[in-house]
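Each protein sequence line maps, in turn, to chains A and B. Under the working numbering, the first residue of the first sequence is numbered 1, with each subsequent residue one higher. Under the working numbering, the first residue of the second sequence is numbered 1, with each subsequent residue one higher. Here a beta-carbon is modelled for each residue, glycine too, at the ideal position from N, C-alpha and C.
There are 2 protein chains.
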Amino acid sequence: MTPTAAERGQETRARLIAAAGHLIVEEGWGAVTTRKLAARAGVRPGLVHYHFGTVTDLLIEASLEALEREVGIVMGLLAQAPPGPLGVELAVTGMAQYSADPASTILTSEMMLAATRNERLRTGLAAVQGKWLQAVAQWLNEHGLTVEPDATALVLGALLDGLVLHRLVDPELAVPVDGPLRRLVGLPEATNRPATP
Amino acid sequence: MTPTAAERGQETRARLIAAAGHLIVEEGWGAVTTRKLAARAGVRPGLVHYHFGTVTDLLIEASLEALEREVGIVMGLLAQAPPGPLGVELAVTGMAQYSADPASTILTSEMMLAATRNERLRTGLAAVQGKWLQAVAQWLNEHGLTVEPDATALVLGALLDGLVLHRLVDPELAVPVDGPLRRLVGLPEATNRPATP
DNA sequence: TGAGGTATTGGGCAAACGCCCAAGGCGAAT
DNA sequence: ATTCGCCTTGGGCGTTTGCCCAATACCTCA
């Protein structure tokens, strides 16, 4: 019943990776330190450099893992959308009101900036980004949006991050963006808009 | 002819602010240190804390100053665009091919993330952002784009940053985004597209 | 039961960190 | 000529950093 040494090791690794994901968002990529990681994971500082060569190695592995999980979740949601333009409609209006937990956007932005200064992270991030782009383009295509699905997917992805980032700075900035988004994906103008309190 | 002490002081201040602007982009907000700043500015380390209370104070002042200068430049360019939809057309296609020096986008993103963790920076950044938004919305309106100029300006600004950031990670990602951008601002589809080699 | 392997402990090292300050330099004002 | 005020020097304070390592605990398997 007691876990083996190897199992405890995997548990410690996982705790450190989870701690890294939180700390990057809360303190910023460059402010995550060996001791903060250990404290957050509830382990001794020496373990950080037993399981990972450098702090940067841990940050890269943790952030890529978190991002891939996030992408998987969003793609799962997209897959549940109704077929045809109605699905796009729902997804777009959902995105327009997107004001959920900004942690994933902060993490993504931190990764992009860190990727500017680390080639290995840049490569890994580009791979995830490409996969996401291709999947969304195909999703758009399958939902009847056949005009430039690739370009539209790129713009949509970039827009999502940029929008959340801007709102983060000024939460008062609650301008509804349904209209521009609808035009972007080629949907007709909304005829009846529900009253927003 | 020899500068007074006060004049030399202003020169030193300016050199430190310029150094901070470069270092934030090159090393990341959290990795800018007293000694790196002094070395980059060509002054002694002690001077940093003579002219600025803390390193963070210097970073905030430098980044806000750089961003305001950048916004001023872009708005000057917009002011030179021809009137009417033709001006929007030129500006949009120019933005679509925007792949200029990404330093300003990196700086802006670093500021947004740092603003998450510093209320004073958040306030200052929100002010600049609001000014930019209002100016672009008015510009769009004056150029005949009267449908939701505020929302469109917000989407446009967020999109600019997001696009550059994504391209930074994957420079191969050279999908032309003219089409989605044209739809976004409500321009008709382009009829004759020049061949791109 | 003893050997072998993995995970963990706890301490430590050199370097870099933010910030501080007494002493001195040097035009400007008196 | 002397005082005044700002800027600069050079060094140093205590803390924190990334990374390392000998010793130990504990499970597994022969």
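CA-to-CA distance, residue j to residue i, given in whole angstroms
| i | j | result |
| --- | --- | --- |
| ALA158(A) | THR4(B) | 50 Å |
| VAL92(B) | VAL155(A) | 14 Å |
| GLY28(B) | HIS49(B) | 20 Å |
| THR116(B) | ARG183(B) | 32 Å |
| ALA20(B) | LEU58(A) | 28 Å |
| LEU37(B) | GLY84(A) | 56 Å |
| VAL55(A) | ARG8(B) | 41 Å |
| ALA174(A) | GLY53(A) | 44 Å |
| ILE106(B) | GLU26(B) | 9 Å |
| VAL136(A) | GLY130(A) | 10 Å |
| ILE73(B) | LEU64(B) | 14 Å |
| ALA62(B) | VAL147(A) | 43 Å |
| GLN10(A) | VAL164(B) | 38 Å |
| GLN138(A) | ASP178(B) | 20 Å |
| ALA79(B) | PRO45(A) | 56 Å |
| ALA103(B) | GLY162(B) | 14 Å |
| PRO176(B) | ARG167(B) | 12 Å |
| MET111(A) | MET112(B) | 14 Å |
| GLU70(A) | GLY76(A) | 10 Å |
| THR123(B) | ALA114(B) | 12 Å |
| GLU119(B) | ALA126(B) | 10 Å |
| MET95(A) | ASP170(B) | 24 Å |
| LEU181(A) | LEU181(B) | 11 Å |
| GLY30(A) | SER109(A) | 13 Å |
| LEU121(A) | GLU172(A) | 34 Å |
| ALA39(B) | GLN97(B) | 36 Å |
| ASP101(B) | ASP101(A) | 31 Å |
Neighbouring residues, chain A, relative to residue i (Cβ below 7 Å)
| i | result |
| --- | --- |
| HIS22(B) | Within 7 Å Cβ-Cβ: nothing; HIS22(B) doesn't reach chain A, min ~14 Å. |
| GLU110(B) | LEU113 |
| LEU59(B) | Per Cβ cutoff of 7 Å: no residues; LEU59(B) is ~12 Å from chain A at best. |
Cβ-based neighbour list, residue i, same chain, cut-off 8 Å, excluding 5 preceding and 5 following
| i | result |
| --- | --- |
| LEU219(B) | In the structure as shown, chain B starts at 1 and stops at 197, and residue 219(B) therefore has no counterpart that could be examined. |
| GLY12(A) | Reading off the sequence shown, one finds Thr at residue 12(A), where the question assumed Gly. Counting only Cβ-Cβ distances below 8 Å, and skipping sequence neighbours, we find ALA41, VAL43, LEU47 and HIS51. |
| VAL88(A) | ALA81, LEU140, HIS143, GLY144, LEU145, VAL185 and LEU187 |
| LEU133(B) | ASP150, ALA153, LEU154 and GLY157 |
| VAL32(A) | ALA20, LEU23, ILE24, VAL55 and LEU59 |
| ALA18(A) | ALA41 and ALA62 |
| THR34(A) | PRO45, VAL48, HIS49 and VAL55 |
Limits of the alpha helix (DSSP H) - the one that residue i falls within
| i | result |
| --- | --- |
| VAL71(B) | 55 to 80 |
| ARG122(A) | 119 to 142 |
| THR105(A) | 103 to 115 |
| THR34(A) | 34 to 41 |
| LEU47(A) | No alpha helix (DSSP H) holds LEU47(A); DSSP gives it neither H nor E. |
| ASP150(B) | 149 to 169 |
| VAL177(B) | Neither: VAL177(B) is in no alpha helix (DSSP H) and is coded neither H nor E. |
Where residue i meets chain A, residues with beta-carbon distance less than 8 Å
| i | result |
| --- | --- |
| ILE106(B) | LEU113 and THR116 |
| GLY186(B) | ARG183 |
Closer than 8 Å to chain A by CB, residue i
| i | result |
| --- | --- |
| ARG183(B) | yes |
| ARG120(B) | no |
| PRO85(B) | no |
| THR34(B) | no |
| VAL74(B) | no |
| GLN97(B) | no |
| ALA135(B) | no |
| LEU67(B) | no |
Residue i: contacting residues in chain B (beta-carbon distance under 8 Å)
| i | result |
| --- | --- |
| TRP29(A) | GLY28 and GLY30 |
| GLY130(A) | ASP170 and LEU173 |
| LEU64(A) | What LEU64(A) touches in chain B: nothing, since even the nearest Cβ is about 12 Å away. |
| LEU16(A) | Result: empty, since nearest Cβ-Cβ is about 20 Å, beyond 8 Å. |
Within-8 Å CB hit, residue i to chain B
| i | result |
| --- | --- |
| GLY162(A) | yes |
| GLN138(A) | no |
| GLY179(A) | yes |
| GLY144(A) | no |
| HIS51(A) | no |
| LEU173(A) | yes |
| GLY157(A) | yes |
| LEU37(A) | no |
| LEU90(A) | no |
Sequence-distant residues of its chain with Cβ nearer than 7 Å to residue i (five each side left out)
| i | result |
| --- | --- |
| ALA66(A) | GLY21 and LEU107 |
| GLU68(A) | VAL128 |
| ARG15(A) | ALA41, GLY42 and VAL43 |
| PRO197(B) | Note that PRO197(B) scores a pLDDT of 38, beneath 50, so its modelled location is shaky and nothing firm can be said. |
Listed by chain order, chain B residues near residue i by CB distance under 7 Å
| i | result |
| --- | --- |
| THR152(A) | PRO180 |
| LEU125(A) | VAL169 |
9 Å Cβ cut-off: residues of chain A touching residue i
| i | result |
| --- | --- |
| PRO176(B) | GLU148 and ALA151 |
| GLN80(B) | Going along chain A, no residue has its Cβ under 9 Å from GLN80(B), so there is no contact; the nearest lies around 25 Å. |
| LEU77(B) | Correct list: empty, because the minimum Cβ distance to chain A is about 20 Å. |
9 Å Cβ cut-off: residues of chain B touching residue i
| i | result |
| --- | --- |
| LEU214(A) | One cannot answer for residue 214(A) here, as it falls past the ends of chain A, which runs 1 to 197. |
Close-in-space but distant-in-sequence residues of the same chain around residue i (CB under 6 Å, 5 per side omitted)
| i | result |
| --- | --- |
| LEU86(B) | none |
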